[in-house]
Amino acid sequence: MNSAIRFRLVAGGTVLLFLAVGLLLLRPAHPAYPAYVSFSPNPNGTKAFAELLGHEQAALREWRKPTGYLPEGTNQALILIEPYRLQETEQEELLAWVEKGNDLLVFQTEPDDWSDIHLEADYLPEYQAQPRHVDSALLESGGTGEADASWRLAASEEIEPLLSDQVGILAGRAQVGTGSVSLFLVPDWLTNSRIQQHQHFELIWPYLVQDWSVVWIDEYHHGYQERPGILAIYPDWLVVTLTQLALALLFWIWWQGKRFGPVYTRREWIVRRGDETLLAIASWYEKRRLAKEALHIREAHLRQLLFERWGLHLGTTDYEIVRTARNHWTEQEAVMLSTALGRLEAAKKDRDYTPKRLVQDSRLLDEVTKRLEKE
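The opening position of the sequence shown corresponds to residue 1 in the UniProt record's numbering, with each subsequent residue numbered one higher.
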């Protein structure tokens, strides 16, 4: 076989490879949405609520930037539905934005610390969810609702109760400057699967249709951010084509150029560098007393493994995870996973999570992750 025929075969194979890669990159896949996303049609999404609000509200938009870039102006509303871990600086930026004359509506089952504006919540360990009569500040007769949250807002002269049942206050509003912050402990009432149950819609809806100039629905804390860079203005097929041409150009340059041997890095340097980096990160977490933050990282890794191995999304409940584990593992291993999930939930409710408990929980999580990695 002469060089001309060989070159044609290599070129033809390269073209076929690029076409196959392009088809794989452009092939549509079923999207996996996190819970409470406003464009998710899944049972734990809030697409139905968002579309209805879009019909009633002239300007309804998604917010996909950090809180430090909140829009200027007044008479705006920002809706946060189960935001993942609001930082202290983010809360300060939100309150500064509210003080200018805007409204913040937060929906959380386990609320963050809003004690600075007197929105404090108490945990009810023996609470059992069941349909109850709910009083509303905007509905004379109230309605029926079933709240899953084991928290209730503490009564205070500084807050206005919006929703309450026989157990306590489910939603309250606090004035901040010329704006307000409303905290609702029933985010599940906005989901596609529960918005039509009982009278959840009738109880929540009056607080969402005010005379705002624009309503923002937060998606930044669900992991959705604005696509940065100049590539955002080009269609996907053009980006893929340009990427393939760039790879072809690099392949041609490599084919024409002189090839040298590989560059080897001394193993001693790699091991030493890796150990020093891990020790530095561990020391930083220990000095800052970030035990709960470190556990959140372990939980995120565990849930990523559950998604990769069993296809369980982030919004999957612990009961569904354990039930799936019993189909793959032994009963003893499934109990170990259930115990680990229970400890993670207990840690979220514990405001004083200690490094000693982190070590104990990490050992259990190590066993669970090692077992998952064998799948």
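Yeah, the Cβ is synthetic: ideal placement off N, Cα and C, and Gly gets one too. Values in this document were obtained by computation on a predicted structure and should not be read as measured data.
Taking a C-beta distance under 8 Å as the contact criterion, Glu375 and His328 qualify as a contact pair. For His133, DSSP records a beta bridge to Thr144. In the DSSP assignment, Leu344 falls within the unbroken alpha helix (DSSP H) covering 331-349. As for any alpha helix (DSSP H) of minimum length 4 sitting wholly inside the region 44-77, the runs are 47-56, ordered along the chain. Classified as buried, Phe49 has 16 or more neighbouring CB atoms from the shown chains inside 10 Å of its CB. Contact between Ala77 and Asp112 is ruled out by a C-beta separation of about 19 Å, above the 8 Å threshold. A straight line joining the alpha-carbon of Tyr319 with that of Lys292 spans about 23 Å.
With the rule of 3 Cβ pairs closer than 8 Å, the region 189-203 does not count as touching the region 54-65. Per DSSP, Ala300 is not a residue of any beta strand (DSSP E); the alpha helix (DSSP H) it occupies stretches across 291-310. One alpha carbon belongs to Val322, the other to Gln256, and they sit about 56 Å apart. Within 10 angstroms of the beta-carbon of Asp361 lie 16 or more other beta-carbons, which makes it buried. The beta carbons of Glu82 and Gln108 sit closer together than 8 Å. The residues Phe107, Ala171, in chain order, have a CB closer than 6 Å to that of Phe184 in the same chain once the five nearest residues on each side in sequence are set aside.
In the DSSP assignment, Val106 falls within the unbroken beta strand (DSSP E) covering 103-107. Here Leu208 has Leu53 as same chain residues with Cβ atoms under 7 Å from its own Cβ, once five neighbours each way along the sequence are excluded. Rounded to whole angstroms, Ile204 and Pro31 show a C-alpha spacing of 29 Å.
Remark: C-beta atoms of Val215 and Leu60 approach each other more closely than 8 Å. Looking at the DSSP output, Arg173 shares a beta bridge with Glu160, Ser182. Contact between the region 7-20 and the region 156-163 is absent, with fewer than three C-beta pairs closer than 8 Å. The C-beta distance from Ser40 to Glu219 rounds to 10 Å, too long to fall under 8 Å, and the pair is not in contact.
Comparing alpha-carbon positions, the option among Thr316, Arg85, Trp212 lying closest to Lys348 turns out to be Arg85.
With a threshold of 16 other beta carbon atoms within 10 Å, Val181 meets it and is buried.
Under the three-state reduction of DSSP output, Tyr123 falls in the strand class. Distance from the CA of Leu290 to the CA of Val134, rounded to the nearest whole angstrom, comes to 39 Å. For Arg152, the enclosing beta strand (DSSP E) stretches over residues 151-153. Per DSSP, Trp216 is one residue of the beta strand (DSSP E) stretching across 214-218.
A straight-line Cα-Cα distance of about 26 Å links Lys47 and Glu308.
Taking a C-beta distance under 8 Å as the contact criterion, Glu99 and Gly177 qualify as a contact pair. Closest by C-alpha distance to Phe18, out of Gln197, Asn42, Gly101, Thr243, is Thr243. If you draw a 10 Å sphere on the C-beta of Gly73, you find fewer than 16 other C-beta atoms in it, and that means exposed.
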